[in-house]
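Working notes, beginning with the structure itself.
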Amino acid sequence: MSEQITAPAPTPASVSGEANVSGEANVSGEVRVSAKATTFTESVIRDMTRLALAHGAVNLAQGFPDFSCPPELKEAAKAAIDADVNQYAITWGAAEFRVAIAAKVGRTYPGWSVDPDTEICVTCGSTEAMIATMLALVDPGDEVVMFEPFYENYGPDTILSGARPRLVRLHPPDWSIDPDELRAAVSDRTRAIILNTPHNPTGKVLRRDELDLVAELCQRHDVLVFTDEIYEHIHYLGPGGHIPPATVPGLEDRTVTINALSKTYAVTGWRVGWTIAPPAYTAAIRKVHDFLTVGAAAPLQAGGVAAMNLPAAYYGALAEEYRARRDLLCGALAETGFTFREPDGAYYVMCDTRAVDPVGDDVALARRLVTDIGVATVPGSSFFADPADGRHIIRFGFPKKLSTLRSAADRLTRLAPS
Ligand SMILES: Cc1ncc(COP(=O)(O)O)c(C=O)c1O
3 MSEQITAPAP
13 TPASVSGEAN
23 VSGEANVSGE
33 VRVSAKATTF
43 TESVIRDMTR
53 LALAHGAVNL
63 AQGFPDFSCP
73 PELKEAAKAA
83 IDADVNQYAI
93 TWGAAEFRVA
103 IAAKVGRTYP
113 GWSVDPDTEI
123 CVTCGSTEAM
133 IATMLALVDP
143 GDEVVMFEPF
153 YENYGPDTIL
163 SGARPRLVRL
173 HPPDWSIDPD
183 ELRAAVSDRT
193 RAIILNTPHN
203 PTGKVLRRDE
213 LDLVAELCQR
223 HDVLVFTDEI
233 YEHIHYLGPG
243 GHIPPATVPG
253 LEDRTVTINA
263 LSKTYAVTGW
273 RVGWTIAPPA
283 YTAAIRKVHD
293 FLTVGAAAPL
303 QAGGVAAMNL
313 PAAYYGALAE
323 EYRARRDLLC
333 GALAETGFTF
343 REPDGAYYVM
353 CDTRAVDPVG
363 DDVALARRLV
373 TDIGVATVPG
383 SSFFADPADG
393 RHIIRFGFPK
403 KLSTLRSAAD
413 RLTRLAPS
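Following this line, the structure appears as structure tokens:
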């Protein structure tokens with residue numbers, strides 16, 4: 003579930019339908035499901051994708067690339083299958099892959115030393131990495147602080163762990179954190195702060211002073227950081243622009259870093275990710291991970307070794323290519339009349355829609371964009387606990403070929419103000 007929308011309000015505690023082998027039916031034919039499962043809903047993005055397919059629309063809703071992954075990954079994965087690497091890998095990850103992850107971290111961030119034997123757990127994507135981390139380190143009743151607008155998985159992850167989400171707003175136009183609001187949200191009830199930098203959906207990249215504040219609060223209240231860095235190499239700030247929280251003084255011993263092959267190497271369907279954390283936390287995450295999934299696909303971990311061994315030039319080129327995609331889409335969006343702040347990182351643009359949709363019905367606008375214009379987006383309400391907060395927003399994604407983005411740009415001209 004790479005893109006699942008969190009609904010703020012619980013939906014009815016049942017789904018209609020006939021009884022089946024796995025469900026109890028009451029007299030009215032309703033099937034009982036868990037209370038937890040009723041606190042979030044199906045993905046609006048999948049809805050958008052279905053609609054996009056039906057209307058032949060360009061899909062700028064879902065965050066997956068429409069271009070090839072580096073050939074090195076495919077060759078290594080194919081060679082592993084040919085060599086009969088078909089059985090379970092070590093549950094917390096093939097040794098060679100863990101060694102390669104640790105080496106790549108050390109090369110990318112000199113001074114950050116990771117022990118592949120005790121500090122890494124390979125998972126089925128960063129999605130599993132986050133839920134395994136939560137289930138391993140958070141207790142029912144704990145509070146988990148997260149920023150809003152949010153990536154939709156964090157709320158359900160928190161609820162599934164029995165904990166309570168505590169939201170802190172990122173303020174437009176630059177999606178800044180109000181230090182007083184963050185201070186007020188973090189207390190002795192807080193178990194963890196979830197960071198995501200570069201950030202989906204806003205494109206914000208956390209600055210040193212913001213991370214220093216997080217470190218100060220984590221130390222004061224003995225809080226952990228779970229940091230989702232899946233867009234680590236996709237930012238437009240130049241070398242050193244992305245600061246891993248685990249390298250910030252005061253956070254080294256209290257951070258779980260979550261990452262994956264998905265975005266950096268354009269293989270979202272491979273489902274290979276990992277956590278990096280101090281040994282005691284890693285031991286707990288490994289236990290939970292074992293019972294959740296046993297392990298990530300063994301031959302694809304061989305592809306992961308090839309990914310980790312790519313030269314530094316790969317990441318420079320990746321950022322440059324994404325910059326070209328961002329500039330193309332942003333140019334088209336500006337001409338169309340949307341207002342937005344160019345993202346500093348990740349591959350999404352959050353647009354204020356007031357100029358083209360004064361009424362402020364983001365869901366209706368997103369539907370109209372698919373059916374009348376042929377471009378799929380995500381309604382802003384998907385990223386807020388209170389849908390009203392996102393009614394003047396829609397999100398465009400640009401992990402696409404330039405030709406795909408040009409086609410979307412052409413279609414968007416039909417929306418341009420006259
Ligand atoms: C911030 C963020 N984290 C995690 C994911 C999912 O990652 P994975 O495919 O590795 O599970 C996404 C995908 O859109 C994302 O945007």
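This note's numbering numbers the first residue of the sequence shown as 3 and each following residue consecutively. Just so it is clear, CB atoms sit at the ideal spot from N, CA and C, and this is done for glycine as well. Given the structure is predicted, the values throughout are model-derived calculations rather than measurements.
| Query | Result |
| --- | --- |
| What number of angstroms, rounded off, separates the C-alpha of A56 from the C-alpha of V116? | 47 angstroms |
| What beta strand (DSSP E) runs, 3 residues minimum, are completely inside the region 187-211? | 192-198 |
| Note down the Cα distance separating T93 from A194, rounded to an integer number of angstroms. | 25 angstroms |
| Tell me which same chain residues have a C-beta within less than 7 angstroms of the C-beta of F69, skipping the five on either side of it? | A268 and K403 |
| Pull up the distance between the alpha-carbon of L139 and that of F152, whole angstroms please. | 21 angstroms |
| Starting from the Cα of Q64, find the closest Cα among A378, A411, S178 and D159 and give me that residue. | A378 |
| Looking only at C-alpha atoms, which of R327, D364, L226 and G242 sits nearest to A410? | R327 |
| Taking P167 as part of the beta strand (DSSP E), name the residues at either end of that continuous run. | R166 to H173 |
| Using a threshold of 9 angstroms, state whether the C-beta atoms of V124 and R100 are closer than that. | yes |
| So T229 packs on T199, CB below 8 angstroms; how close in whole Å? | 7 angstroms |
| Would you grab the beta carbon distance between R397 and G362 for me? Rounded to a whole angstrom, and I think it's under 8 angstroms. | Rounded, the Cβ-Cβ distance is 15 angstroms, inconsistent with contact. |
| Hey, I122 and I278: beta-carbon distance below 9 angstroms or not? | yes |
| Tell me which residues share the same chain as E26 and place their Cβ nearer than 6 angstroms to its Cβ, disregarding the 5 neighbours each side in the sequence. | For E26, the predicted structure reports a pLDDT of 48, less than 50, and the residue's modelled location is therefore unreliable. A value from the coordinates is still provided. Contacts found: R34. |
| So within the region 294-359, which uninterrupted alpha helix (DSSP H) runs reach at least 4 residues, ignoring any that extend past its ends? | 300-310 and 314-338 |
| Can you say whether K265 is buried or exposed, counting buried as having 16 or more other CB atoms within 10 angstroms of its CB? | buried |
| Taking the straight line between their C-alpha atoms, what separation do you get for D391 and P175? | 14 angstroms |
| Mapping the DSSP letters down to three states, classify C71 as helix, strand or coil. | coil |
| Shorter than 8 angstroms, the distance from the beta carbon of T120 to the closest heavy atom of ligand 3, or not? | Ligand 3 is not part of the structure shown, which contains ligand 1 as its ligands. |
| Measure the beta-carbon distance from G127 to G275 and round it to whole angstroms, keeping in mind my assumption that it falls under 8 angstroms. | 4 angstroms |
| Give the straight-line distance between the Cα atoms of E150 and V170, rounded to the nearest whole angstrom. | 6 angstroms |
| The beta strand (DSSP E) spanning T259 covers which residue range? | T257 to A262 |
| Near R416, which residues of its chain fall below 8 angstroms by C-beta distance, leaving aside the five closest residues on each side in sequence? | D374 and I375 |
| Alpha carbon to alpha carbon, how far is N311 from G95? | 17 angstroms |
| CB-CB under 6 angstroms to M50, same chain, minus the five flanking residues each way: which ones, in chain order? | A63 and A378 |
| Decide yes or no for the touch test of the region 225-243 against the region 318-326: beta carbon pairs closer than 8 angstroms, at least 3 of them. | yes |
| Could you spell out the range, first to last residue, of the beta strand (DSSP E) harbouring T277? | G275 to I278 |
| Hey, could you find the ends of the beta strand (DSSP E) T249 is sitting in? | Careful: T249 lies outside any beta strand (DSSP E) and carries neither H nor E. |
| For the candidate residues G347, F293, E32 and P389, whose alpha-carbon lies nearest to that of W177? | G347 |
| Between A300 and the rest of its own chain, which residues show a CB-CB distance below 6 angstroms, the 5 nearest in sequence each way excluded? | V87 and A91 |
| Looking at P423: is its Cβ nearer than 9 angstroms to the Cβ of L213? | The displayed coordinates of the chain run from 3 to 420. Any statement about residue 423 would go beyond what the structure contains. |
| Quick one: Cα of I395 to Cα of E337, how far? | 17 angstroms |
| What number of angstroms, rounded off, separates the C-alpha of L219 from the C-alpha of H173? | 20 angstroms |
| Along the chain, where does the alpha helix (DSSP H) that runs through E32 open and close? | Element bounds for E32: not the alpha helix (DSSP H) but the beta strand (DSSP E), E32 to R34. |
| Is it right to say Q221 is buried, meaning 16 or more other beta carbons lie within 10 angstroms of its own, or is it exposed? | exposed |
| Is it buried or exposed, Q89, if we count other Cβ atoms within 10 angstroms and call 16 or more buried? | exposed |
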